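Peer 1: Handing you a structure now.
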Amino acid sequence: MVYLLPNFHPGIVALSLLVATFASYVALDLAKRVHNKSRSAGFGWWAGGSIAMGTGIWCMHFIGMMAMSLPIDVGFGRELTFASWCAAVATSGTALFVASAGSLSWQRLGVGATTMGAGICAMHYVGMAAMEVSPGIVWNTHLVAMSVVIAIAASAASLMVFFFLRGVSSHRAMRWQMVSALIMGLAICGMHYTGMAAANFPVGSVCLGASDIKGEGLGALMSAAAVGLLILTLFTSSLDARMQMRAAKLAGSLQIANANLVEANNELRHRALVDPLTGLANRLFYEDRLAHAIRRCGERSVQGQPGGSMRIGVLFVDLDGFKAVNDSLGHVTGDTVLRECAKRIASIARNRDTVSRVGGDEFVLLLEDVVSESDCVGVAERILAALSQPFDVGQKRIEISASVGIVVYPDQGQADKLVSNADAAMYAAKRAGGNTCAIFQNEMDDDALDALSLQGDLRHAVERGQLQLHYQPKVDATTGRLCGVEALLRWSHPERGMIGPGVFIPLAERFGSINLLGNWVIEEACRQMGEWAANGLNVPVAINLSVHQLLGEDLAQRIACALHVHGVDPSQLLCEITESVAMEDLAATKRSFDSLARHGIYLSIDDFGTGHSSLSYLRQLPASQLKIDRSFVNDIDHGTDARTIVDAVIRLSHALGLRVVAEGVETIAQQRLLTELGCDELQGFLFSAPLPPAKLVDWIHGRGLPLRDDPAPASPQMAHA
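Heads up, the sequence shown is in the numbering used here, so the first residue is 2 and it goes up one at a time.
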């Protein structure tokens, strides 16, 4: 039999290869989308991908058919053409379904490749049958079999390539995907053209489908539509991949943010429970540990467990003299000392104990499972010894001490008052001179409650008008004339009566109201001087300054303002500061004294002889007066030592241009000796007790003591200030 010999247009053949390769690339990309998606999203990608991929493969077949040229009119029947398209879509669906599996077993590979190969062959040969050639096509069975083998092999290779690409890194995946798509395109084209080569057309054959789908224009349109669909699908896939990448980055960012959030939360929890300066537990964490310790202690006692007799010890540690470190050397140095103190205290505690910082220079230790008070005392003594060792900060050597209050539970105090009881015991240790420890006693609780109540009343004493200034005269030792008065603060409590400064001044310093009282004294003294001056009585007044006021930056300005408001000459005011406070931070004292001296305010060193200074230090201060402490005055007529010291102080003070005042003069003998030694002014009960303003005026007029004509002379330092 003679057969028609078809010709193949090389350009169209190349186009079919390009379409097959592109379809394979899209198929590999869609397979990844289906595999990586959730069930609902994966189904959508599978359905859309099957249509797009099947159309692409079918398009390649159609273009390949268009490449074949026969000496007869060629067309394609609609029904069989549509059936071939359905076969292509079904084959693609099978491929994507197998590709979406988690792994590729040999059984799955065999079934999938056979099914896909059969579908591709069905698509091809149904498409060939759509030509409806009469007489029918004579098939070369060997070539047909070869095309089937090629289809199955190409399908198997496609599945293995996809699973191989899963393990390839992202930056290499695209390159491998392009190579794999080209191989798959060649395999598909090889199968297609092998199948076409198996077809023999007898001479005189007629194409019955020539009147249905035909024409190169229609083929080009269908090819363009199929390619457009593939491009759209690839674009959507790429867009989805980019969205996936962005979502992955966002998820990674969220994961990092979540990790940062967890870290921040842990940091917040850490900060909420840890003192940021020392790294010790803070009050909140300490109270939690104390509550747990008390509960365990109670459970042991109730259940009669071994160790039920164990006790809890609470040690309240407060540094002695730390404020002077902060004020004189700065907070940076103070913080360094606090951190070193924390290390020393923590080194003494056991692992099961809790050390916390509960205030500026206050630490609390919780000692669990102690046998007796002696255990707590032993820990306290080791703490005192450790803190008494010098602190080397830079080029400075700093020495401080501490006071420790001890309370043992359940022996002493209620569970909810352990810290306050330990605090009361600590203040008892401070009153004993510091650098020691004290065990809580019940009367300390009463004292603490009384002090707490009293300081609460003290905060309202100014606004309620309960404070008063009493004035004690100072007289010239030679002439007996009035030199001035010292203002002494008194508190007229509505229930307790008149309270002296020795009771409430320590409370004010402890609870932070000393500046309030000090400012009131400045204002009231200036007001009183202004009132006396308006009545023709010019009385110089001396007021006492606390260390807190001395270190305040606005002290001089505040005093100058009060003097100006009440029309008082600055030379009428004398500011006294105790020797121990003045020498505590000589540089800070000098700055404050210089500032006051520039406003023309006289200055005095009080209680001289009680500290550890020498007269040489006084040369650095612009003071005009020095007051000998009453302890030397008391002994001046009983022994030669006090008399010798007073004599030396007076001589050296005069050499420095300082006037000398002796306070606490109570006997005629003391007056006589002090006058003989050259003391300038005398103050004490021999002349008068501190008096309210009205009684002071009566005393002045009743005693007939005129004011000295000239005010106290300024020191050489003040004269040049």
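Note that CB positions come from ideal geometry on N, CA and C, so glycine has one too.
Here the structure is a predicted model, which is why all the values come from computation and not from measurement.
1) Ignore the nearest five residues each way along the sequence and tell me which others in Arg432's own chain have a CB closer than 7 Å to its CB.
2) Which residues in the same chain as Ile121 place their Cβ atom closer than 6 Å to its Cβ, once the five residues preceding and following it in sequence are excluded?
3) Note the first and the last residue of the continuous beta strand (DSSP E) segment covering Asp393.
4) Can you say whether Asn443 is buried or exposed, counting buried as having 16 or more other CB atoms within 10 angstroms of its CB?
5) Apart from the five residues on each side of it in sequence, which residues of its chain come closer than 7 Å, Cβ to Cβ, to Glu389?
6) Along the chain, where does the beta strand (DSSP E) containing Val662 start, and where does it finish?
7) Leaving out five residues before and five after Ser605 in sequence, what residues of the same chain have Cβ atoms less than 8 Å from its Cβ?
8) What number of angstroms, rounded off, separates the C-alpha of Asp393 from the C-alpha of Ile399?
9) Could you tell me which residues DSSP puts in a beta bridge with Trp140?
10) For Tyr428, which of helix, strand or coil comes out of DSSP?
11) Mind checking whether Phe323 and Gly299 have CB atoms under 9 Å apart?
12) Give the DSSP-derived three-state secondary structure of Met311 in the structure shown.
13) Using a threshold of 9 Å, state whether the C-beta atoms of Ser156 and Thr116 are closer than that.
14) Would you call the CB atoms of Ala534 and Val569 closer than 9 Å?
15) In whole angstroms, what separates the C-alpha of Ala563 from that of Val548?
16) Taking C-beta to C-beta, are Arg528 and Pro411 nearer than 9 Å?
17) If you drop the 5 nearest sequence neighbours on each side, which residues of the same chain put their C-beta closer than 8 Å to that of Leu678?
18) Expressed to the nearest angstrom, what Euclidean distance is found between the alpha-carbon atoms of Pro693 and Leu278?
19) Report the start-end ranges of each beta strand (DSSP E) in the stretch 489-529 that is 3 residues or longer and not cut off at the edges.
20) Between which two residues does the beta strand (DSSP E) harbouring Asp438 extend?
21) Suppose you measure from the CA of Leu687 to the CA of His655; what does that come to, to the nearest Å?
22) If Ala21 sits next to Gly186, beta carbons under 8 Å apart, how far is it from one beta carbon to the other, in whole angstroms?
23) With a threshold of 7 Å on Cβ separation, who are the neighbours of Trp59 within its own chain once the five nearest residues in sequence on each side are excluded?
24) Give me, in chain order, the residues of the same chain whose beta-carbon lies closer than 8 Å to that of Ala387; leave out the 5 immediate sequence neighbours on both sides.
25) Could you tell me the alpha carbon to alpha carbon distance between Ser375 and Lys418, rounded to whole angstroms?
26) Excluding five sequence neighbours on each side, which residues of the same chain lie with their C-beta closer than 8 Å to the C-beta of Ala158?
27) Hey, quick one: how far does the beta strand (DSSP E) through Gly406 stretch, first residue to last?
28) Output yes or no for whether 9 Å exceeds the beta carbon distance between Thr334 and Phe286.
29) Span of the beta strand (DSSP E) holding His471?
30) Taking the straight line between their C-alpha atoms, what separation do you get for Asp699 and Asn545?
31) Give the single residue among Val405, Asp458 and Val522 whose Cα lies nearest to the Cα of Met427.
32) Between the stretch 501-516 and the stretch 476-485, can you find at least three pairs of beta-carbon atoms closer than 8 Å?
33) What first and last residue would you give for the alpha helix (DSSP H) that runs through Val548?
34) What residue does the beta strand (DSSP E) around Phe633 start on, and which one ends it?
35) To the nearest angstrom, how far is the alpha carbon of Met132 from that of Thr142?
Peer 2: Checking against the coordinates, here is how it stands:
1) Position 431 of the sequence shown holds residue 432. Nothing meets the Cβ criterion.
2) The residue labelled residue 121 in the question sits at position 120 within the sequence shown. Counting only Cβ-Cβ distances below 6 Å, and skipping sequence neighbours, we find Thr92 and Ala152.
3) On the sequence shown, position 392 is the one that residue 393 refers to. From DSSP, the beta strand (DSSP E) with Asp393 extends over Phe392 to Val394.
4) Walking along the sequence shown from the start, residue 443 turns up at place 442. By the neighbour-count rule (16 or more Cβ atoms within 10 Å), Asn443 is not buried but exposed.
5) Within the sequence shown, residue 389 is the residue found at index 388, counting from 1. The residue you asked about is not Glu; residue 389 is Ser in the sequence shown. Hits under 7 Å: Ser402 and Asn436.
6) On the sequence shown, residue 662 is found 661 positions in, with the first residue counted as 1. Where Val662 is concerned, the enclosing beta strand (DSSP E) stretches over Arg660 to Glu664.
7) In the sequence shown, residue 605 corresponds to position 604, counting from 1. Result list for Ser605: Ala543, Leu575, Cys576, Glu577, Ile578, Ala624, Ser625, Gln626, Leu627, Lys628 and Val662, in chain order.
8) Numbered from its first residue, the sequence shown carries residue 393 at position 392. Numbered from its first residue, the sequence shown carries residue 399 at position 398. So the alpha carbons of these two residues sit roughly 6 Å apart.
9) Along the sequence shown, one-based indexing puts residue 140 at 139. Residue pairing by DSSP places Trp140 opposite Ala200 in a beta bridge.
10) As a position in the sequence shown, residue 428 is number 427, starting the count at 1. Looking at Tyr428 - three-state DSSP - the assignment turns out to be helix.
11) For this step, residue 323 is matched to residue 322 along the sequence shown. For this step, residue 299 is matched to residue 298 along the sequence shown. No, the pair does not count as a contact, with Cβ atoms beyond the cut-off.
12) Here residue 311 refers to the residue found at position 310 of the sequence shown. Three-state result, Met311: coil.
13) On the sequence shown, position 155 is the one that residue 156 refers to. On the sequence shown, position 115 is the one that residue 116 refers to. Contact: yes.
14) Mapped onto the sequence shown, residue 534 falls at position 533. Mapped onto the sequence shown, residue 569 falls at position 568. Yes, Cβ-Cβ distance for Ala534 and Val569 is below 9 Å.
15) Translated into the one-based positions of the sequence shown, residue 563 becomes position 562. Translated into the one-based positions of the sequence shown, residue 548 becomes position 547. Approximately 20 Å between the Cα atoms of the pair.
16) Here residue 528 refers to the residue found at position 527 of the sequence shown. Here residue 411 refers to the residue found at position 410 of the sequence shown. No, they are not a contact pair.
17) Position 677 of the sequence shown, counted from the first residue, corresponds to residue 678. Sequence-distant Cβ neighbours of Leu678 in its own chain, meaning closer than 8 Å and more than five residues away, are Arg644, Val647, Asp648 and Ile651.
18) Along the sequence shown, read from residue 1 onward, the residue named residue 693 stands at position 692. Along the sequence shown, read from residue 1 onward, the residue named residue 278 stands at position 277. If you take the alpha carbons of Pro693 and Leu278, they lie about 49 Å apart.
19) 498-500
20) On the sequence shown, residue 438 is found 437 positions in, with the first residue counted as 1. Per the sequence shown, residue 438 should be read as Cys rather than Asp. Its beta strand (DSSP E) spans residues Cys438 to Ile440.
21) As a working note, residue 687 is residue 686 in the sequence shown. As a working note, residue 655 is residue 654 in the sequence shown. Approximately 25 Å between the Cα atoms of the pair.
22) As a first step, residue 21 is located in the sequence shown; it is residue number 20 there, counting from the start. As a first step, residue 186 is located in the sequence shown; it is residue number 185 there, counting from the start. With 8 Å as the limit, Ala21 and Gly186 qualify as a contact, their Cβ atoms being about 4 Å apart.
23) Sequence index remark: in the sequence shown, residue 59 carries index 58 (1-based). The residues are Ser85, Trp86, Ala89 and Met124.
24) In the sequence shown, counting from the first residue as 1, residue 387 sits at position 386. Contacts found: Arg345, Ile346, Ser348 and Ile349.
25) Locating residue 375 in the sequence shown gives position 374, counting from the first residue. Locating residue 418 in the sequence shown gives position 417, counting from the first residue. Rounded to whole angstroms, Ser375 to Lys418 spans 21 Å at the Cα level.
26) Position 157 of the sequence shown, counted from the first residue, corresponds to residue 158. Only Ile184, Met185 and Ala188 meet the Cβ criterion.
27) Locating residue 406 in the sequence shown gives position 405, where the first residue counts as 1. Where Gly406 is concerned, the enclosing beta strand (DSSP E) stretches over Ser402 to Tyr410.
28) Residue 334 sits at position 333 when you count from the first residue of the sequence shown. Residue 286 sits at position 285 when you count from the first residue of the sequence shown. No, they are not a contact pair.
29) Locating residue 471 in the sequence shown gives position 470, counting from the first residue. Counting along the chain, the beta strand (DSSP E) containing His471 begins and ends at Leu468 to Asp477.
30) The residue given as residue 699 occupies position 698 in the sequence shown. The residue given as residue 545 occupies position 544 in the sequence shown. Roughly 24 Å separates the two Cα atoms.
31) On the sequence shown, position 426 is the one that residue 427 refers to. It is Val405.
32) no
33) Start at 1 with the first residue of the sequence shown, and residue 548 comes out as number 547. Segment Val548 to Leu551, the alpha helix (DSSP H) holding Val548.
34) Within the sequence shown, the letter at position 632 stands for residue 633. Taken as a continuous stretch (DSSP letters only), Phe633 belongs to no beta strand (DSSP E), being part of the alpha helix (DSSP H) at Arg631 to Asp636.
35) As a first step, residue 132 is located in the sequence shown; it is residue number 131 there, counting from the start. As a first step, residue 142 is located in the sequence shown; it is residue number 141 there, counting from the start. For Met132 and Thr142, the distance between alpha carbons rounds to 19 Å.
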